Amino acid sequence: MALRGRTILGVAGLSATLLAGALPAHAVPKHLAPVPAATVAVMAARGMAPSAPVLLRAYKQESEIEVWKRAADGRFVHLKTFPICRWSGQLGPKTRTGDRQAPEGFYAVAARQLNPNSAYFLSFDVGYPNVYDRAHGGTGSALMVHGTCSSAGCFAMTDRQVGEIYALVRDALAGGQAAFQFQAFPFRMTARAMARHRTDRHIAFWRQLKEGSDRFEATGREPLVGVEGGRYVFAPYPDPAVEALAAARRNEEEARIRALVEGGVEAVRTTYADGGQHPSFTALLRRASAFNAAAVTGTTAPVTNATAYAPEGAPAASPFSAFIVPAGLGDVSRPEALAMAGREVVVIPARRRPPAPIHPIQVAAAFVPLPVIETEPSPFSRLRLAEEPSRLTLAASPEPARPRFLTAKFAALP
81 MALRGRTILG VAGLSATLLA GALPAHAVPK HLAPVPAATV AVMAARGMAP
131 SAPVLLRAYK QESEIEVWKR AADGRFVHLK TFPICRWSGQ LGPKTRTGDR
181 QAPEGFYAVA ARQLNPNSAY FLSFDVGYPN VYDRAHGGTG SALMVHGTCS
231 SAGCFAMTDR QVGEIYALVR DALAGGQAAF QFQAFPFRMT ARAMARHRTD
281 RHIAFWRQLK EGSDRFEATG REPLVGVEGG RYVFAPYPDP AVEALAAARR
331 NEEEARIRAL VEGGVEAVRT TYADGGQHPS FTALLRRASA FNAAAVTGTT
381 APVTNATAYA PEGAPAASPF SAFIVPAGLG DVSRPEALAM AGREVVVIPA
431 RRRPPAPIHP IQVAAAFVPL PVIETEPSPF SRLRLAEEPS RLTLAASPEP
481 ARPRFLTAKF AALP
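Terminal number for the sequence shown in this note's numbering: 494, no gaps in between.
What follows is the structure, encoded as structure tokens:
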């Protein structure tokens, strides 16, 4: 089956190349459409062969999918970021059929998981449930990256976006990559994000995801993922120098998280009515809604069966055609839920970190000798010290119980 899949993809890749030169763009079958020329140019500039392996990373909170491609030096390099048009559920892993959760974890996508005949333009199955999911009793199937802006557990893109992503992964698989890794995260796995979500019920799971994320970001190499005892585990990289980079990054990130927590960063829980979408799509849909509302008052024509998507090179048929065309998004799933997307509930308020106690020795070390202050005799003072030039010096208090106080000594100049 795997050999057959690679053979079919090899023919598909060749067909895409031939068709691209022999047929006009509108006549090329959608699953054989070539990678856009602008993206090919970016690959060339970054030292990536069109058939080189790919790796995808999805982030729910940011509503983005990144495409990474392996360069000539063996490292994966970021190629392009696609905004997600719709994902559903909450932050956290998918656990059962019907929970509307988009999955989180590390998945493998082989040729057999690509669907050129999808009801949602084009699609590929991300591979849920994987070994980790099954170890935790996860149920469900057909969790996809697909076209049409409607999700019930999938990562839904525009048709044009999924067409380009499909072409990129198709060419990589046709070039010999057995399966590409699909990494799905709740948010970008920064130290700050982890510190702020430290009280979330999924934090132990997210720590596992962060380890894999850190290993990839430190090395540019695909993490070697396994599952043991119901946990994600990551095998060391064969090259000790590469493994050292991964270990160093891990230690640095753990230290950053500790410092943020000790420094009093707030703890939050992020809630959704039912998933979210990238802000760019939200803004475009609001504009389309505003035009329809204006049409009701007679100030403009209504926009019917329209979407907030415009293909590259689309002619400007109207003042609104830059973002509203008859096809692209399809029916947006549960648009009313988008108003309740990404609300942060503060669980532990931020607090100021109390200043560290200052030891007397530290105080003494922090001060430099002061210049001599010479005073003129004063007719208004009864102090003998004021009748002649004097010296003022400061020193740390030797009393441990009062480390913040300084002692001042006045002495007449000789």
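Virtual Cβ for every residue (Gly too), placed ideally from N, Cα, C.
These figures come from a predicted structure and were not determined experimentally.
Span separating the alpha-carbon of E244 from that of E323: So the two alpha carbons sit approximately 33 Å from each other.
Closer than 7 Å to chain C by CB, I337: This model lacks chain C altogether, as it is built from one protein chain only.
Simplified DSSP assignment, three categories, for Q263: When DSSP states are grouped into helix, strand and coil, Q263 belongs to the strand group.
Same chain, Cβ closer than 8 Å to G310, neighbours up to 5 away in sequence not counted: If you ignore the 5 residues before and after G310, its C-beta comes within less than 8 Å of the C-beta of Y212, A215 and H216, all in its own chain and listed in chain order.
Segment limits, beta strand (DSSP E) that includes Y187: Per DSSP, Y187 belongs to the beta strand (DSSP E) from G185 to A190.
Same chain, Cβ closer than 8 Å to R268, neighbours up to 5 away in sequence not counted: The residues are Y139, Q141 and E142.
Nearest-angstrom Cα separation, counted from S231 out to L364: Going from the Cα of L364 to the Cα of S231 covers about 18 Å.
For M123, the first and last residue of its enclosing alpha helix (DSSP H): M123 -> alpha helix (DSSP H) spans A117 to A125.
Cβ-Cβ distance between Q261 and L135 below 7 Å: Contact flag set, yes.
Length at least 4, wholly inside the stretch 150 to 234: the alpha helix (DSSP H) runs in chain order: Taken in chain order, the complete alpha helix (DSSP H) segments of 4 residues or longer contained in the stretch 150 to 234 are 211 to 215.
Cut-off 7 Å between Cβ atoms - residues of its own chain near E346, not counting five sequence neighbours on either side: R276, V426, I428, P429 and A430, listed in sequence order.
N-terminal and C-terminal residue of the alpha helix (DSSP H) that Y246 is part of: In the DSSP annotation of this structure, the continuous segment of the alpha helix (DSSP H) that includes Y246 starts and ends at D239 to A254.
Exposure label - T350; buried when at least 16 CB within 10 Å: It is buried - the Cβ of T350 has at least 16 other Cβ atoms within 10 Å.
Neighbour-count burial assignment, N210, 16 or more Cβ in a 10 Å radius: Its Cβ being crowded by 16 or more others within 10 Å, N210 is buried.
The stretch 150 to 162 contacting the stretch 284 to 303, beta-carbon criterion three pairs below 8 Å: The stretch 150 to 162, when compared against the stretch 284 to 303, does touch it at the 8 Å Cβ threshold.
T177, buried or exposed, once every other Cβ within 10 Å from all chains shown has been counted against 16: Counting the other Cβ atoms within 10 Å of the Cβ of T177 gives fewer than 16, which makes it exposed.
Integer Cβ distance of S168 from G233, believed to fall under 8 Å: The Cβ separation is near 6 Å, so the contact holds.
Status (buried if at least 16 other CB within 10 Å, exposed otherwise) for G344: So G344 ends up on the exposed side.
For R311, the first and last residue of its enclosing alpha helix (DSSP H): Looking at the DSSP string, R311 is not in any alpha helix (DSSP H); the run it does join, the beta strand (DSSP E), is R311 to A315.
Assumed close pair F296, V305 - CB separation to whole angstroms, cut-off 8 Å: Between V305 and F296 the Cβ distance is about 10 Å, and since that is not below 8 Å, they are no contact.
Own chain, CB closer than 7 Å to P183, minus 5 neighbours either side, in chain order: Shown here for P183: same chain residues with a beta carbon closer than 7 Å to its own, the five before and five after excluded, namely P173, K174, V206, Y208, L223 and A264 in chain order.
Between the CA atoms of G185 and N331 - distance to the nearest angstrom: Those two C-alpha atoms are separated by around 22 Å.
Same chain, Cβ closer than 7 Å to G85, five either side skipped, listed in chain order: In this prediction, G85 has a pLDDT of 46, which is less than 50 and means its spatial position is unreliable; nothing more can be read from the coordinates.
Rounded straight-line distance, which links the Cα of R432 to that of A444: Any reading at A444 must be qualified, since the residue scores a pLDDT of 48, below 50, and its modelled position is unreliable; the value itself is stated next. A444 and R432 have their C-alpha atoms spaced approximately 26 Å apart.
Beta-carbon contacts of A69 that lie in its chain and below 8 Å, excluding the five residues immediately before and after: Outside the displayed range of the chain (81 to 494) lies residue 69, so it cannot be described from this structure.
A271 in three-state terms, based on DSSP: In the structure shown, A271 sits in a helix (DSSP, three-state: H, G or I).
Distance between beta carbons of I164 and H358, contact taken as under 8 Å: Taking 8 Å as the upper bound for CB-CB distance, H358 and I164 are in contact here, some 5 Å apart.
Check whether V225 and F235 have beta carbons under 7 Å apart: Closer than 7 Å, so yes.
Rounded C-alpha distance that separates G220 from A124: So the two alpha carbons sit approximately 39 Å from each other.
C-beta atoms of R166 and S413 nearer than 7 Å: Yes, the Cβ-Cβ distance between R166 and S413 is below 7 Å.
Other residues of its chain near T362: CB distance less than 7 Å, five sequence neighbours each side excluded: L418.
Helix, strand or coil at V427 [DSSP, three-state]: Reduced to three states, the DSSP call for V427 is strand.
For L409 and G355, the rounded distance between their alpha carbons: CA-CA distance, G355 to L409, rounds to 16 Å.
Residues near R287 in its chain [Cβ-Cβ closer than 6 Å; skip 5 each side]: Only residues of its own chain outside the window of five on either side were considered, and among them none has a CB closer than 6 Å to the CB of R287.
6 Å CB neighbourhood of Y200 in its chain, flanking five on each side removed: Its chain contains H226, G227 and T228 as the residues whose beta carbon lies nearer than 6 Å to that of Y200, once the 5 sequence neighbours on both sides are disregarded; these appear in chain order.
Rounded C-alpha distance that separates A132 from G255: Between A132 and G255, the C-alpha separation is close to 7 Å.
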